[in-house]
Amino acid sequence: KIPLQRLRTYIDVIKQIKFGSSSLLKERLFSGGIILNGMGVRITYTDEYLVLNIITETEYPERFIDIIKEEIKHIRITKEDLSRKSKTFISNYILHFYDIDSVNYDIQSDLIEFNEIIDNRMNTYEELNILELNKLLNVLKFNTICSFIIKPLEKKANS
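When you read off a place in the sequence shown, starting at 1, and then add 27, the result is the number in the numbering used here.
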């Protein structure tokens, strides 16, 4: 069993490596003309589910959805990817302390999410390991997928 804070950190690693603003997927979709700009990626946690929301603008929504579904089926993270992301987390965590509002937000979030102040984030980032991440990837199931396509209103000709 993975402690909740580390579990959420692993989920964030997966989200950022596979779907984040500097991911290979985002670059492939953008350079291939599938998406018009970036992808907004959010994770929502419920008692039993993890909801991955991916939002973008595209002229090819069905193609985009097919690519995302295929990517989700084959999520793999390398040891090098994990190491690089862990170092990024540590660096950002250190820089984060220069902004008192961000630290205050973290304290509030910790109290709401975990009912305590998490004071060992650095340890969590340093202890991330590929074996534990792969075990998590093996138990994650993405059997329920819901897609929303929002089309712009058609402009009416002036009468």
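Virtual Cβ for every residue (Gly too), placed ideally from N, Cα, C.
Quick caveat: nothing in here was measured; it's all calculated off a predicted structure.
Here TYR72 carries a strand assignment [DSSP, helix/strand/coil].
Along the stretch 134-184, the alpha helix (DSSP H) occurs as fully enclosed runs of 4 or more residues at 148-154 and 157-166, listed in sequence order. Here MET149 is near ILE117, since their CB atoms are less than 8 Å apart.
About 7 Å separates the beta carbons of ILE94 and ILE61, which is inside the 8 Å limit, making them a contact pair. For ASN119, the three-state secondary structure derived from DSSP is helix.
Contact between the stretch 126-137 and the stretch 153-162 is not established, with fewer than three Cβ pairs separated by less than 8 Å.
Distances from the alpha-carbon of GLU84 to those of ILE176, VAL40 and TYR125 put ILE176 closest. Looking at the backbone, the Cα of ILE38 and that of GLY59 are separated by about 27 Å.
Per DSSP, the beta bridge partners of ILE81 are VAL68. The three-state reading of DSSP puts ILE61 in coil, since its state is none of H, G, I, E or B. Between the C-alpha atoms of THR73 and SER113 there is a straight-line separation of about 25 Å.
It is roughly 39 Å from the alpha-carbon of PRO179 to the alpha-carbon of TYR120.
Here GLU86 carries a coil assignment [DSSP, helix/strand/coil]. Within the same chain, Cβ atoms closer than 7 Å to the Cβ of ILE157 are found at LYS106 and LEU109, the five residues on either side in sequence being excluded. In this structure, DSSP gives ILE104 a state outside helix and strand, which the three-state scheme calls coil.
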